[in-house]
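Here's the structure, in structure tokens; my notes come after.
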Amino acid sequence: LAMQQDVHGQHECSHRSIICAVCAEPVLAKDLKHHKEWSCPLRVVDCPHRGCYKRLPLKDMKQHTDYECRKRMVFCLQGCGMEMYADKRKGHHEKYCEMRFVQCPLGCGKSIRENVKMHHVSFECIRRFQTN
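Oh and the sequence shown: position 18 is 21 in our numbering, straight run, nothing missing.
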């Protein structure tokens, strides 16, 4: 009988403690499947952002989704207020943002915001009256 109890305790009992092979935490045998699928901090999960196919351990996913994912939503850093995917921000800043800095098209040397370029050319530029 003692031998049967020993075998049961080591191999069959649903309340025995098993070490998770992924995170090395002790888990009750009856909870191991749930632990591996839902609560193990080292289980591999998919990034929730559409278009990102990164798979990482759960413990690393918050850092990825909040700061690293190319498909996370970010705001323009130049002040226009536009929201976009992180991987589109560089192109937005360089080509499309109305708040980006551009050189005066008349060649006065001033760096001006795109959204006030016409005002500068029409009313402020020292070269506005010059003709080539």
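For every residue, glycine included, the Cβ atom is placed at its ideal position computed from N, Cα and C. What you are looking at is a predicted structure, and each value in this text was computed from that prediction instead of being measured.
Taking the C-beta atoms as reference points, V25 is found nearer than 8 angstroms to R46. For I22, the CB contacts under 8 angstroms within the same chain, skipping 5 residues up- and downstream, are E28, P29, V30 in chain order. Excluding sequence positions up to five before and after G110, its CB lies within less than 8 angstroms of the CB of R130, all in the same chain and listed in chain order.
The C-alpha of R58 is placed about 38 angstroms away from the C-alpha of F104.
Burial check for R53: the Cβ neighbour count within 10 Å stays below 16, so the residue is exposed. Per DSSP, Q106 is not a residue of any alpha helix (DSSP H); the beta strand (DSSP E) it occupies stretches across 104-106.
The C-beta distance from C50 to H67 rounds to 6 angstroms, short enough to meet the 8 angstroms contact threshold.
Per DSSP, reduced to three states, the secondary structure at E71 is helical.
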